[in-house]
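Protein chains: 2
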Amino acid sequence: MDENLIKEIISDIKLREERSKIPVPAGVSNRHVHLTEKDFTALFGPSCKPTLYRKIVQPGFFACNEKVDIETPKGKFKGVRMIGPCRDYTQIEISLSDARVLGLNPPIRDSGKIENSPGIKIIGPAGEIEVKKGVIISKRHIHFSPQDALKFKIKDQQTVRVLCSAGTDKETIYESVLCRVSDKYALEFHLDTDEANAAAVKTGDPVFIV
Amino acid sequence: MDENLIKEIISDIKLREERSKIPVPAGVSNRHVHLTEKDFTALFGPSCKPTLYRKIVQPGFFACNEKVDIETPKGKFKGVRMIGPCRDYTQIEISLSDARVLGLNPPIRDSGKIENSPGIKIIGPAGEIEVKKGVIISKRHIHFSPQDALKFKIKDQQTVRVLCSAGTDKETIYESVLCRVSDKYALEFHLDTDEANAAAVKTGDPVFIV
Chain A
1 MDENLIKEII SDIKLREERS KIPVPAGVSN RHVHLTEKDF TALFGPSCKP
51 TLYRKIVQPG FFACNEKVDI ETPKGKFKGV RMIGPCRDYT QIEISLSDAR
101 VLGLNPPIRD SGKIENSPGI KIIGPAGEIE VKKGVIISKR HIHFSPQDAL
151 KFKIKDQQTV RVLCSAGTDK ETIYESVLCR VSDKYALEFH LDTDEANAAA
201 VKTGDPVFIV
Chain B
211 MDENLIKEII SDIKLREERS KIPVPAGVSN RHVHLTEKDF TALFGPSCKP
261 TLYRKIVQPG FFACNEKVDI ETPKGKFKGV RMIGPCRDYT QIEISLSDAR
311 VLGLNPPIRD SGKIENSPGI KIIGPAGEIE VKKGVIISKR HIHFSPQDAL
361 KFKIKDQQTV RVLCSAGTDK ETIYESVLCR VSDKYALEFH LDTDEANAAA
411 VKTGDPVFIV
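This is the structure:
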């Protein structure tokens, strides 16, 4: 047998074992919107600014008090929360269940990649807009700070498998989970409400990279 | 090294390889109710019988035209379909998402095990009833005919892992999937709408025991 290959395999097994002992907190994303300043103004009026409902784990971001309705000819969701601050593109993140209700077929994407995604009508207290694109299903991902990435021996854009609710009736492994490393991030596994409920995961629950 | 152990491991690997090549069709269960004759009569009236909406994969069972509303102080779902024929217990099968809407904490169970499960109000066109128990989240499971069980080398009550949507952004492995073997069954992996949407699985899609 090839001794180097065996060493490589053993070192890989050790790495996976070490990694799988460190918990990653889960963060469940309900459907939400990100808005440009222009779209925010059209929906909430010229004198308004997004206001803090509560901070979220990712530094600098916050759930806003401001909510909108989103609507297609086939369905509607009321009271969809904005995540602030404003950004330079408007993006609507929904789950596959939501997509079925709305009759849309959005791509599964990383945040920010909204080319060739469906549009939708957004309704606010001061007005409504029709965006031509921006509806996506967020691809499962983990945010790492550079320090966390070192600890887990993870590189930016690597994909991993994530074990949820081990030892329970809802035990699930999510494959193809994208790792994103940035000094703007805090350690967190982001999944949508379908994925959270399929695996009985709540925000803050520990999951494991296996 | 122990030669018998090695043989055992290799034979297990071979079995898993063979098994993982045979597709199992998925069957997605939306929230639904099973009703006793007595409860059916209370809800739909004394001269009514459950009527065929469409046959389902499991022999002898059918989706009915008859629908009910289910309600708690916290939430309500309208138009929940009955699966016929009537059986000797009333059971309400919902997803974890549904449970959150209804403010219930039902156990994750095999069909028929309804002891110590929450009750609910059921509303039909001819009357309403309050059942004391019967709300469950159905545990993921696979139905096998005895012939299929032989083909897959599966025993009744064994648990397996099921790979869904391999090679896609929604690739998921459901662990702890219960195998149920009976000559009344046809081969089918049953999962609920949370699980189906988390893994982008539709009824009829092939999944694999891995």
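From first to last, the protein sequence lines are chains A and B. Number 196 in our numbering belongs to position 196 of the first sequence; there are no gaps in the numbering. Number 322 in our numbering belongs to position 112 of the second sequence; there are no gaps in the numbering. Just so it is clear, CB atoms sit at the ideal spot from N, CA and C, and this is done for glycine as well.
- Would you please verify whether the beta carbon of K74 of chain A is less than 8 angstroms from any beta carbon of chain B? Taking the first residue of the first sequence as position 1, residue 74 of chain A is located at position 74. Judged by the 8 angstroms Cβ criterion, K74 of chain A is not in contact with chain B.
- Please name the residues in the region 371–396 of chain B whose beta-carbon is closer than 7 angstroms to at least one beta-carbon of chain A, in chain order. D379, K380, E381, T382, I383, Y384, E385 and S386
- Message: For V345 of chain B, count the other beta carbons within 10 Å of its own beta carbon; 16 or more makes it buried, fewer makes it exposed. Which is it?
- Response: Position 135 of the second sequence, counting from 1, holds the residue named residue 345 of chain B. Classification for V345 of chain B: buried.
- What is the residue span of the alpha helix (DSSP H) that Q147 of chain A lies within? If you number the first sequence from 1, residue 147 of chain A lands on position 147. Its alpha helix (DSSP H) spans residues P146 to F152.
- Task: Give, in chain order, every unbroken run of the beta strand (DSSP E) that is at least 3 residues long and sits entirely within the region 100–134 of chain A.
- Result: 120–123 and 128–131
- Query: Is any beta-carbon of chain A found at less than 8 angstroms from that of L306 of chain B?
  - Reply: As a first step, residue 306 of chain B is located in the second sequence; it is residue number 96 there, counting from the start. It does: the Cβ of L306 of chain B has a partner Cβ on chain A nearer than 8 angstroms.
- Starting from the Cα of I347 of chain B, find the closest Cα among B:N326, B:I223, B:K277 and B:K363 and give me that residue. Here the question's residue 347 of chain B lines up with position 137 in the second sequence. Ranking the options by Cα distance to I347 of chain B, first place goes to B:N326.
- Message: Please list, in chain order, the chain B residues whose beta carbon lies closer than 9 angstroms to that of I108 of chain A.
- Response: The residue labelled residue 108 of chain A in the question sits at position 108 within the first sequence. Residues of chain B passing the Cβ test: T378, D379, K380 and A410.
- Task: List the residues of chain B that N197 of chain A touches, going by C-beta distances under 7 angstroms, in chain order.
- Result: Position 197 of the first sequence, counted from the start, is the residue given in the question as residue 197 of chain A. Correct list: S305, L306, S307 and D404.
- Query: So which residues of chain A does K349 of chain B contact, with C-beta pairs closer than 7 angstroms?
  - Reply: Taking the first residue of the second sequence as position 1, residue 349 of chain B is located at position 139. Correct list: D169.
- Can you give me the start and stop residues for the alpha helix (DSSP H) that R226 of chain B sits inside? Here residue 226 of chain B is taken as the residue at index 16 of the second sequence, counted from 1. First-last of the alpha helix (DSSP H) with R226 of chain B: E213 to R229.
- Query: Should D39 of chain A be labelled buried (16 or more other beta-carbon atoms within 10 Å of its own) or exposed?
  - Reply: By one-based count along the first sequence, residue 39 of chain A stands at place 39. Buried, because 16 or more other Cβ atoms sit within 10 Å of the Cβ of D39 of chain A.
- Query: To the nearest angstrom, how far is it from the Cα of K363 of chain B to the Cα of A236 of chain B?
  - Reply: In the second sequence, counting from the first residue as 1, residue 363 of chain B sits at position 153. In the second sequence, counting from the first residue as 1, residue 236 of chain B sits at position 26. The C-alpha of A236 of chain B is placed about 19 angstroms away from the C-alpha of K363 of chain B.
- For the alpha helix (DSSP H) holding E276 of chain B, just list the boundary residues, first then last. On the second sequence, residue 276 of chain B is found 66 positions in, with the first residue counted as 1. Bounds of any alpha helix (DSSP H) do not take in E276 of chain B; it lies within the beta strand (DSSP E) bounded by F272 to E281.
- Task: Report the option in A:D169, A:F189, A:L150 and A:V80 whose CA atom is closest to the CA atom of R161 of chain A.
- Result: Position 161 of the first sequence, counted from the start, is the residue given in the question as residue 161 of chain A. Closest option to R161 of chain A, Cα to Cα, is A:F189.
- Exposure of A198 of chain A, with buried meaning 16 or more beta-carbon neighbours within 10 Å: The residue given as residue 198 of chain A occupies position 198 in the first sequence. A198 of chain A is buried by the Cβ-count criterion.
- Task: Under 8 angstroms by Cβ, that's how I've got P106 of chain A and P118 of chain A pegged, so tell me the actual separation to the nearest angstrom.
- Result: Translated into the one-based positions of the first sequence, residue 106 of chain A becomes position 106. Translated into the one-based positions of the first sequence, residue 118 of chain A becomes position 118. Contact flag correct, Cβ pair sits at about 6 angstroms.
- Applying the criterion that 16 or more other CB atoms from any shown protein chain within 10 Å of the CB defines a buried residue, is V420 of chain B buried or exposed? Here the question's residue 420 of chain B lines up with position 210 in the second sequence. When all chains shown are included, V420 of chain B counts as exposed.
- Task: Helix, strand or coil for T369 of chain B, going by three-state DSSP, please let me know.
- Result: Position 159 of the second sequence holds residue 369 of chain B. The answer is strand: DSSP assigns T369 of chain B an E or B state.
- Message: Using only the alpha-carbon positions, how far apart do V311 of chain B and N240 of chain B sit?
- Response: Position 101 of the second sequence, counted from the first residue, corresponds to residue 311 of chain B. Position 30 of the second sequence, counted from the first residue, corresponds to residue 240 of chain B. Between V311 of chain B and N240 of chain B, the C-alpha separation is close to 15 angstroms.
- Message: Among A:D69, A:I114 and A:V57, whose alpha-carbon lies nearest the alpha-carbon of K132 of chain A?
- Response: Reading the first sequence from its first residue, position 132 is the one you call residue 132 of chain A. If we check each option's Cα against that of K132 of chain A, A:I114 comes out closest.
- Task: Indicate whether the contact test is met: 3 or more Cβ pairs, each with one atom in the region 72–92 of chain A and one in the region 33–51 of chain A, closer than 8 angstroms.
- Result: Taking a contact to require three or more Cβ pairs closer than 8 angstroms, the region 72–92 of chain A and the region 33–51 of chain A qualify as touching.
- Can you give the Cα-Cα distance for A200 of chain A and I173 of chain A, rounded to whole angstroms? One-based indexing of the first sequence puts residue 200 of chain A at position 200. One-based indexing of the first sequence puts residue 173 of chain A at position 173. For A200 of chain A and I173 of chain A, the distance between alpha carbons rounds to 12 angstroms.
- Message: Suppose contacts are defined by Cβ-Cβ distances below 8 angstroms. Is I129 of chain A in contact with I70 of chain A by that definition?
- Response: For the purposes of this step, residue 129 of chain A is taken as residue 129 along the first sequence, with counting starting at 1. For the purposes of this step, residue 70 of chain A is taken as residue 70 along the first sequence, with counting starting at 1. Going by C-beta atoms, I129 of chain A is not nearer than 8 angstroms to I70 of chain A.
- Under the three-state DSSP convention, the category K139 of chain A falls into: Stepping through the first sequence from its first residue, residue 139 of chain A is reached at position 139. The answer is coil: DSSP assigns K139 of chain A none of H, G, I, E or B.
- What number of angstroms, rounded off, separates the C-alpha of G45 of chain A from the C-alpha of L163 of chain A? Working through the first sequence from its first residue, we reach residue 45 of chain A at position 45. Working through the first sequence from its first residue, we reach residue 163 of chain A at position 163. If you take the alpha carbons of G45 of chain A and L163 of chain A, they lie about 44 angstroms apart.
- Query: For K76 of chain A, which option in A:V57, A:Y89, A:I94 and A:V207 has the closest C-alpha, if you only look at C-alpha atoms?
  - Reply: Here the question's residue 76 of chain A lines up with position 76 in the first sequence. Nearest of A:V57, A:Y89, A:I94 and A:V207 to K76 of chain A, Cα basis: A:I94.
- Message: Tell me which residues share the same chain as D366 of chain B and place their Cβ nearer than 6 angstroms to its Cβ, disregarding the 5 neighbours each side in the sequence.
- Response: Counting from 1 along the second sequence, the entry for residue 366 of chain B is found at position 156. Only V391 meet the Cβ criterion.
- Query: Can you tell which of B:T300, B:Q357 and B:S375 has the C-alpha that lies nearest to the C-alpha of A396 of chain B?
  - Reply: As a position in the second sequence, residue 396 of chain B is number 186, starting the count at 1. Here the closest residue by C-alpha is B:Q357.
- Is I302 of chain B buried or exposed, if buried means 16 or more other CB atoms sit within 10 Å of its CB? The residue given as residue 302 of chain B occupies position 92 in the second sequence. The residue is buried, with at least 16 neighbouring Cβ atoms inside 10 Å.
- Query: Can you name, in chain order, every residue of its own chain whose Cβ lies under 8 angstroms from the Cβ of V243 of chain B, other than the five neighbours on each side?
  - Reply: Mapped onto the second sequence, residue 243 of chain B falls at position 33. Answer for V243 of chain B: V278, I280, V290, R291, M292, I293, T300, Q301, I302, E303 and I332, listed in chain order.
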